[in-house]
Each structure stands twice: as C-alpha cells, then as structure tokens.
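Asks:
Numbering (this note's numbering), first residue to last: 1 to 70.
#1: According to DSSP, simplified to helix, strand and coil, what is residue 49?
#2: Could you spell out where the alpha helix (DSSP H) holding residue 12 opens and where it closes?
#3: Cβ atoms of residue 36 and residue 5: under 8 Å apart, would you say?
#4: Round the Cβ separation of residue 62 and residue 22 to the nearest angstrom and send it over; I've been treating them as touching at under 8 Å.
Structure follows, in structure tokens:
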C-alpha cells in the first residue's frame, strides 16, 4: 500500500470507485490504517482485500487482475 490518506480523501476515493465502470465488480470501503486511512477493495465473491490510496492504484489493480485471467 502507498501512503495513508485523510478520511476525506478516502471517502472521495470510494465515491470515485463507486462511479467507475468497474464498480459493479467491487466492494470498496474506508478503513483505518497506521497513520491515516486507506480504501479497502475486494472483488465480489472473494475474500482478498487490496488497500489503495489513489484511483491510479485501483486502475492498475483492475488491469493486473484482468491480465491474470487471460
């Protein structure tokens, strides 16, 4: 995970993920981490959570996971 972010930035990131084209495949929520907050995302019907601090990281995660499925 990258640097922790503020509560406001984490909430904004959740809102951005929820508005994205990939939102139907993900659960996103704000979680407290050492030094601040992060957004935890996990794909529907899975238990692995990924902690993000920006939308660029979310896009990279989607790209990485979709390339594994090919």
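No residue lacks a Cβ here, since even glycine has one placed at the ideal position from N, Cα and C.
Replies: Put simply:
#1: coil
#2: 7–19
#3: yes
#4: 5 Å
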